[in-house]
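Report on the following structure.
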Amino acid sequence: MSVADKLTSRLPMIGDRGERKDVVAVVKLHGVITPTPSPLARGSINLAAVESALTRAFGHERLKAVALQINSPGGAPTQSGLVAERIRQLADEKNVPVLAFAEDVAASGGYWLACAADEIYAHRTSMVGSIGVISGGFGFTGLLERFGIERRLHTAGANKSRLDPFSPEKPEDVEWLKKMHGQLHELFVDWVTERRGDRLSGSEDLFTGDVWLGARAVELGLVDGVGSLRQVITERYPDAEIAIAEPKKPLLARLGIGAPAAASALLDAVQSKAAWSRFGL
Numbered sequence: 001m002s003v004a005d006k007l008t009s010r011l012p013m014i015g016d017r018g019e020r021k022d023v024v025a026v027v028k029l030h031g032v033i034t035p036t037p038s039p040l041a042r043g044s045i046n047l048a049a050v051e052s053a054l055t056r057a058f059g060h061e062r063l064k065a066v067a068l069q070i071n072s073p074g075g076a077p078t079q080s081g082l083v084a085e086r087i088r089q090l091a092d093e094k095n096v097p098v099l100a101f102a103e104d105v106a107a108s109g110g111y112w113l114a115c116a117a118d119e120i121y122a123h124r125t126s127m128v129g130s131i132g133v134i135s136g137g138f139g140f141t142g143l144l145e146r147f148g149i150e151r152r153l154h155t156a157g158a159n160k161s162r163l164d165p166f167s168p169e170k171p172e173d174v175e176w177l178k179k180m181h182g183q184l185h186e187l188f189v190d191w192v193t194e195r196r197g198d199r200l201s202g203s204e205d206l207f208t209g210d211v212w213l214g215a216r217a218v219e220l221g222l223v224d225g226v227g228s229l230r231q232v233i234t235e236r237y238p239d240a241e242i243a244i245a246e247p248k249k250p251l252l253a254r255l256g257i258g259a260p261a262a263a264s265a266l267l268d269a270v271q272s273k274a275a276w277s278r279f280g281l
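In UniProt numbering, the protein residues as written are 1 to 281.
Encoded structure:
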C-alpha cells in the first residue's frame, strides 16, 4: 500500500465532524476470471487487477470486516486460487473476518473466490456452485481443407502439439485433458472442503458441477444464509460505515485512451458472453 493510500484510508468522510466510525470495506469481484484482461477491462478478475483494491480494503485503520461482493461465472483456476490465497493472507495478517456475498452468480471460480471468506451469503435468486472444471475450443481442420490451406507445424517433443485446433483431434489427447480436469476438480473439491468443513451437507450432488439458487445452497452448506450485503452488514455492524475499495484504473483508462485493438476487444467480449451465457445471463 502506498503512503498516499494509507493517508487516504485514515481520512474521515466528508461531513463527518465527530468520532471516526468503524469501517466495513467492500471489494467488488465482478466479471470473468482471466489472466489476460484488456488494458481497459474493468469486468474481469485476476490478481493484478484486484491487488490494489484488496490492499486498500484491508488497510483501513478502523477496519471491522471485509466484504467480498461477488458476481462471476468463473474462469481461470490459477487466478481463482491466487486471488483467494491473497485474500486469506491479508485476512490472517489483519485478523479481521471476511464475508462473501453472491449476487447474480458465484459459480465455478466465482465460488472458489467466495470460499476465501469466513462466511458466505447469497440472494435468494443467486446461482451458486458449479464445483467442476470445463474447457472448450474449436476444430478448424475442415475449414482449412475447404479453402485449400496447408497446415505446417513443426515440433520437438511428441506431445508439443496436443489439442492443436488445426489438426485432427486425437483420443490420447482427449484422455490427457480429462486427467488434467480430474486433477483440477480434486483441488477444487479439497479447497471447498477445507474452507466449508462440516457445514457441507455431504450430498452426493455437491461436486457434480451443478448450480443451485440461494435457499438450496444454504441447505447444502455452500452458503451460510440468504441476505444482501447491506442487510447483513447493517445487522452485524450497525455502527460501521461501508467503504468501497476501488482498484486503480488501468493506465490507458486514466489517460482517456480508447481500446487499442477492436478485434481483440471483440474477441474478449465474445468469450465473456459465452461464460455468462452458461447461466442464462
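The beta carbon of each residue, even a glycine, is placed where N, CA and C say it ideally should be. Note that the structure is predicted; figures quoted are calculated from it, not measured.
Taking H30 as part of the alpha helix (DSSP H), name the residues at either end of that continuous run.
-> Here H30 belongs to no alpha helix (DSSP H); instead the beta strand (DSSP E) covers 22–30.
Three-state secondary structure assigned by DSSP to K160 | Residue state, collapsed to three classes: coil.
Give me whichever residues DSSP pairs with F101 in a beta bridge.
-> Beta-bridge pairing links F101 to Q69, Y121.
Hey, is the segment 91–108 in contact with the segment 196–205, meaning 3+ C-beta pairs nearer than 8 Å?
-> Contact between the segment 91–108 and the segment 196–205 is absent, because fewer than three Cβ pairs lie under 8 Å.
From this set, A158, P247, D224, S203, which residue's C-alpha is nearest R124's C-alpha?
-> Shortest Cα-Cα distance from R124 to any of A158, P247, D224, S203 involves D224.
Other residues of its chain near P77: CB distance less than 6 Å, five sequence neighbours each side excluded | Cβ within range, chain order: L184.
Could you have a look at I233 and say whether DSSP puts it in helix, strand or coil?
-> Helix, per DSSP.
Does the Cβ-Cβ distance between V26 and A245 come in under 8 Å?
-> Against a cut-off of 8 Å, the Cβ pair of A245 and V26 comes out as a contact.
How close, in whole Å, do the beta carbons of W112 and F207 come, if the pair is a contact with beta carbons under 8 Å?
-> Contact doesn't hold; Cβ gap of about 13 Å is too wide.
Would you call the CB atoms of L54 and R86 closer than 8 Å?
-> Their beta carbons are under 8 Å apart, which means L54 touches R86 by this criterion.
Out of G209, G157, I70, which has the shortest C-alpha to C-alpha gap to V32?
-> Here the closest residue by C-alpha is I70.
How many angstroms separate the CA atom of G258 from the CA atom of P238?
-> Confidence is the limiting factor: at G258 the pLDDT is only 49, short of 50, which leaves the residue's position unreliable, though a coordinate-based value still follows. So the two alpha carbons sit approximately 42 Å from each other.
Where P247 and S52 are concerned, what is the direct C-alpha to C-alpha distance, given to the nearest angstrom?
-> Roughly 5 Å separates the two Cα atoms.
Taking only the alpha-carbon atoms, compute the straight-line gap between A156 and I149 and give it to the nearest angstrom.
-> Taking the straight line from one Cα to the other gives about 23 Å.
Whole-angstrom C-beta distance between L47 and V96, which should lie under 8 Å = The beta-carbon separation of V96 and L47, rounded to 20 Å, does not stay under the 8 Å limit for a contact.
Can you have a look at C134 and say buried or exposed, based on whether 16 or more other CB atoms are within 10 angstroms of its CB?
-> Residue identity check: residue 134 is Ile in the sequence provided, not Cys. I134 is exposed by the Cβ-count criterion.
Cβ atoms of G214 and A117: under 8 Å apart, would you say?
-> Pairing A117 with G214 gives a Cβ-Cβ distance that is not under 8 Å.
With a 10 Å radius around its C-beta and 16 neighbouring C-beta atoms as the bar for buried, classify F138 as buried or exposed.
-> By the neighbour-count rule (16 or more Cβ atoms within 10 Å), F138 is not buried but exposed.
Cβ of P165 within 8 Å of Cβ of F140?
-> The Cβ atoms of P165 and F140 sit closer than 8 Å to each other.
Do you know how far the Cα of L229 is from the Cα of G136?
-> When only Cα atoms are considered, G136 and L229 end up about 34 Å apart.
Beta-carbon separation of A217 and G74 under 8 Å?
-> No. Outside cutoff.
Any idea what DSSP makes of P12, helix, strand or coil?
-> Summary for P12: the model assigns pLDDT 49, below 50, so the residue's position carries little reliability, and this model does not support an answer.
Can you list, in chain order, the residues of its chain whose CB lies under 7 Å from that of W191, leaving out five sequence neighbours each side?
-> Excluding residues within five positions, the ones whose Cβ falls inside 7 Å are W112, C115.
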